[in-house]
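Q: Residue numbers (our numbering): 111 to 197.
Sharing a structure below in structure tokens format, with a few things to ask.
Have a look at this one:
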């Protein structure tokens, strides 16, 4: 896996996470408030993960956590202001 492949995979993961965040803002807020975010976004996260998997090498998909990191950085951190029991 080259450095260029890693950078492209990280960009792709962040773009997918940004789309999830943009198009599901109310679901995300409700999921954080009710502490069931990953249940509420299951379909969107599964779809995003499959898209990511289809566009990166098997090595990158299995040996890195770029997609999960992007979800944390973009979907969760951007909603840190939402009141929740989990933080």
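Where is the CB? At the ideal position from N, CA and C, for every residue including glycine.
1) May I have the straight-line CA-CA distance separating residue 137 from residue 151, to the nearest angstrom?
2) Which stretch, first to last residue, makes up the alpha helix (DSSP H) that contains residue 172?
3) I'd like the span of the alpha helix (DSSP H) that includes residue 185, first residue to last.
4) Buried or exposed, going by whether 16 or more other CB atoms sit within 10 Å of the CB of residue 148?
5) In this structure, how does DSSP classify residue 150 when only helix, strand and coil are distinguished?
A: The short version:
1) By 1-based counting over the chain shown, the position of residue 137 is 27. By 1-based counting over the chain shown, the position of residue 151 is 41. Counting only the Cα atoms, residue 151 lies some 7 Å from residue 137.
2) The residue labelled residue 172 in the question sits at position 62 within the chain shown. In the DSSP annotation of this structure, the continuous segment of the alpha helix (DSSP H) that includes residue 172 starts and ends at 168-173.
3) As a first step, residue 185 is located in the chain shown; it is residue number 75 there, counting from the start. Residue 185: not part of any alpha helix (DSSP H); DSSP gives it neither H nor E.
4) In the chain shown, counting from the first residue as 1, residue 148 sits at position 38. Residue 148 sits exposed, since fewer than 16 C-beta atoms from the chains shown fall within 10 Å of its C-beta.
5) Mapped onto the chain shown, residue 150 falls at position 40. It is helical.
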